[in-house]
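Just remember that our numbering sits 28 ahead of the position in the sequence shown, which is counted from 1.
By construction, the Cβ of each residue, glycine as well, lies at the ideal position given by its N, Cα and C atoms.
These figures come from a predicted structure and were not determined experimentally.
See structure below.
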Amino acid sequence: MNIEAVIFDMDGVIIDSEPFNLYEFYCFAQQHGVQVPMQELRKIIGTSHEVTWNYLASWLHLDKNALEMDAYYRQTYQGEPFDVTDFLQPYLKFLLKELKKQNVKLSVASSNDPDIIEHVCKENGIETYFDSIVSGRMFTKSKPNPEIYVYTLNTLGVSADHAIVIEDSKDGIEAAKQAGMKVIAIKDHRYHIDQQKSRLSCRKFV
């Protein structure tokens, strides 16, 4: 297989943000007088934004859909800011440099907000490695719908059989597979995520 492009998810792949995200949701629930067990919180790891917000609404017993819950969270939660450079995955920069030396096209395709993706990449000094940055907020359907990956392939001008996706979530892996690409899964033994559909899995980039 001649690899012409590598596409990266962000949360759990570029940055190890999942523990912080869980902590934020835990604190938000506490502000509403609800103690959500960590076992319950882990259910949102690797899910779409819609699923995440629906879970949060159910935990807090709020009659809000996903969009309303998202807006409510942003308006009411005053969390502690964090330095995204603390969460960059080890050896990621080395991998990006090596891929660029081989003239491999690179992209980020994340369900997160575009301003957050750009902030993470800029603060960590990796934005110049990527030929495109794609946010799931551009599309009506989230992963596992393959739309985000089909679009990303088009931005790179590469066919699916010459691209690899690096993912960590079940929905992300499914989306990439439906788009016709092979997937490498980042394995995190803290969470029991179904990654069976990936081509292979690894714990680190190097």
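Item	Value
Buried or exposed: residue 120, going by 16 or more other Cβ atoms within 10 Å of its Cβ?	buried
What residues in its chain sit with their C-beta under 6 Å from that of residue 194, if we drop five residues either side in the sequence?	36, 41 and 212
Fully enclosed by the region 72-154, which alpha helix (DSSP H) runs are 4 residues long or longer?	77-87, 94-104, 120-129 and 142-151
Taking only three categories from DSSP, how would you classify residue 36?	strand
Do residue 191 and residue 46 count as a contact pair if the criterion is CB distance below 8 Å?	no
Take the Cβ of residue 89 as the centre, count every other Cβ of all protein chains shown within 10 Å, and call the residue buried at 16 or more, exposed below.	exposed
Helix, strand or coil: which one does DSSP assign to residue 178?	helix
Pick helix, strand or coil for residue 223, following the three-state DSSP scheme.	Summary for residue 223: the model assigns pLDDT 47, below 50, so the residue's position carries little reliability; its value from the coordinates is reported in the next sentence. In this structure, residue 223 counts as coil in the three-state DSSP scheme.
Measuring CB atoms only, is the region 161-180 touching the region 51-63, in the sense that at least three cross pairs come out at less than 8 Å?	no
Within the same chain, show all residues whose beta-carbon is closer than 7 Å to that of residue 132, passing over the 5 residues directly before and after it, in chain order.	31, 32, 33 and 34
Could you tell me whether the region 72-88 touches the region 96-106, using the rule of 3 or more Cβ pairs below 8 Å?	yes
The alpha helix (DSSP H) spanning residue 205 covers which residue range?	198-206
Rounded to whole angstroms, what's the CA-CA distance from residue 266 to residue 175? Just pull it up for me.	Residue 266 lies beyond the range of the chain shown here (29 to 234); nothing can be said about it.
Out of 95, 91 and 60, which has the shortest C-alpha to C-alpha gap to residue 106?	60
Report yes or no: is there a C-beta of chain D within less than 8 Å of the C-beta of residue 73?	Here chain D cannot be found, since the structure has a single protein chain.
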